[in-house]
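Here's the structure we're looking at; comments come further down.
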Amino acid sequence: MHQSFAATTSSDAKLGELMTLASLFDGLCELFTGDSQIEKHAKSELERARKNTLPPQEVNKLSAPFLKVMAQQNAHPLCPLISSLPFQWAPPQTSSDKLYREHSHFKAHVELLGPNGLAASSKVRIGLYGMLPNCEYGLRTHPAEEIYFMLAGSAFWKLSDSPYQQLFPGERSHHHSMVPHATRTGEDAFMSVYVWGGDIATDDYKYFGLPGDEDKAG
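Number 302 marks the last residue of the sequence shown (our numbering); no jumps.
Pasting the structure below:
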C-alpha cells in the first residue's frame with residue numbers, strides 16, 4: 085500500500101513538472117514575436133515541443149546571486165517560474181577547449197530545447213543562461229545566429245570592436261553568424277534566455293579569450 089502511494093506521488097510530481105515546463109515554454113513563446121526566421125523557428129519549435137518535454141532527471145539549484153536578481157521588481161515575470169523548476173543548472177559544455185572551461189565555471193545553464201535539450205530539436209537551441217557577478221566571458225564565434233533576451237539582472241555585451249553595452253531585463257543582444265561577441269557582469273548576476281538558429285552544431289565554436297588577450301599573446 086505504501087509503495088503504491090509513493091509511486092502515485094512520484095508520478096503526480098512528474099506530471100506537475102511537465103505541466104510547469106509547458107507553462108514555461110508558453111511564456112517563452114511570447115518573447116519570440118519578431119518576423120525574423122530565427123524567432124519564427126523558435127516560437128514554432130517551442131509550440132511543437134511543449135507536449136514532448138522530458139522532466140529534469142537531476143537537480144542542481146541556482147546560487148543566491150541569481151535568485152537575488154530574479155526576485156527583483158524589474159525581472160521578467162517568468163523568473164519566479166524559472167526559479168521554482170528543478171533544473172540541473174551547470175556550466176555549458178559547448179567546447180572542450182581548456183581556456184573555455186576555465187572561463188565557464190561562473191555560468192549557469194540549461195538547454196531546454198535542442199539536440200541536448202529537455203525537448204529535442206534539430207532546428208534551434210533554446211536555453212537559460214546566466215553569469216555570476218564580476219565575471220567576464222571573452223570573445224567567441226559560432227556559425228549559429230543567436231539572440232539573448234535579458235530576463236533579470238544586468239550584463240555588458242560586446243559585438244566585434246564595438247564598446248560594451250549594458251543591457252537590462254527586456255533588452256536583447258543579437259549576434260549574427262560568426263560575429264565575435266563577449267559578455268561581462270558588474271555587481272549583479274544576470275539571467276537570460278537564448279536562441280540559436282541556422283547551423284546549431286558546435287563543431288566550429290571558437291573561443292578566443294578575454295578582449296585584448298589576443299594582442300598580448302602576439
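All C-beta atoms in this analysis are idealised placements derived from N, C-alpha and C, irrespective of residue type, glycine included.
Problem - Buried or exposed (CB count within 10 angstroms, at least 16 for buried), Met262 - result: So Met262 ends up on the exposed side.
Practice task
Name, in chain order, the residues that DSSP records as bridge partners for Phe240.
Solution key: Gln250 and Arg268.
Practice task
Using the Cα positions of Ile166 and Leu108, report the straight-line distance between them to the nearest angstrom.
Solution key: Going by the C-alpha atoms only, they are around 7 Å apart.
Exercise for the section: Have a look at Phe233, Lys242, Tyr291 and Arg268 and flag the residue whose alpha-carbon is nearest the alpha-carbon of Glu255. Expected result: The option with the nearest alpha carbon to Glu255 is Phe233.
Problem - CA nearest to the CA of Asp272, picked from Val194, Asp288, Ala236 and Leu294 - result: Among Val194, Asp288, Ala236 and Leu294, the Cα nearest to that of Asp272 belongs to Ala236.
Practice task
Starting from the N-terminal side, write out each stretch of the alpha helix (DSSP H) that is 4 residues or longer and does not extend beyond the stretch 153-194.
Solution key: Annotation: the stretch 153-194 contains the following complete segments of the alpha helix (DSSP H) (minimum length 4 residues), in chain order: 163-168 and 182-186.
Handout entry: Touch test, the stretch 199-210 against the stretch 147-167, Cβ-Cβ under 8 Å, three pairs minimum
Key = In short, these stretches do not touch, since the Cβ pair count stays below three.
Exercise for the section: Could you tell me the boundaries of the alpha helix (DSSP H) in which His226 lies? Expected result: Element bounds for His226: n/a, residue is neither H nor E.
Handout entry: Beta-ladder partner(s) of His260, from DSSP
Key = Under DSSP, His260 forms no beta bridge with any residue.
Exercise for the section: Please name the residue or residues paired with Ile231 in a DSSP beta bridge. Expected result: Residue pairing from DSSP places Ile231 in a beta bridge opposite His258 and Val279.
Problem - Length of the line joining the Cα atoms of Phe274 and Phe150 - result: Straight-line Cα distance between these residues: approximately 7 Å.
Exercise for the section: Buried or exposed for Thr117, please, with buried defined as at least 16 other CB atoms from any protein chain shown within 10 angstroms of its CB. Expected result: Per the 10 Å Cβ criterion, exposed.
Practice task
Determine the direct distance from the alpha carbon of Gly201 to that of Thr286, and round the result to whole angstroms.
Solution key: About 14 Å.
Practice task
Using 10 angstroms around the beta-carbon of Val143, count the other beta-carbons present and answer buried if the total reaches 16, otherwise exposed.
Solution key: It counts as exposed.
Handout entry: Where Arg132 falls: helix, strand or coil (DSSP)
Key = Helix, per DSSP.
Exercise for the section: Please name the residue, chosen from Ala106, Leu105 and Ala126, that lies closest to Leu115 on a Cα-to-Cα basis. Expected result: Closest in alpha carbon position to Leu115, among Ala106, Leu105 and Ala126, is Ala126.
Exercise for the section: Report yes if the C-beta distance between Ala174 and His193 is below 8 Å; otherwise report no. Expected result: Contact: yes.
Practice task
Pick out whichever of Ser147, Lys135, Tyr278 and Met154 has its Cα sitting closest to the Cα of Ala228.
Solution key: Looking only at Ser147, Lys135, Tyr278 and Met154, the smallest Cα-Cα distance to Ala228 is reached by Tyr278.
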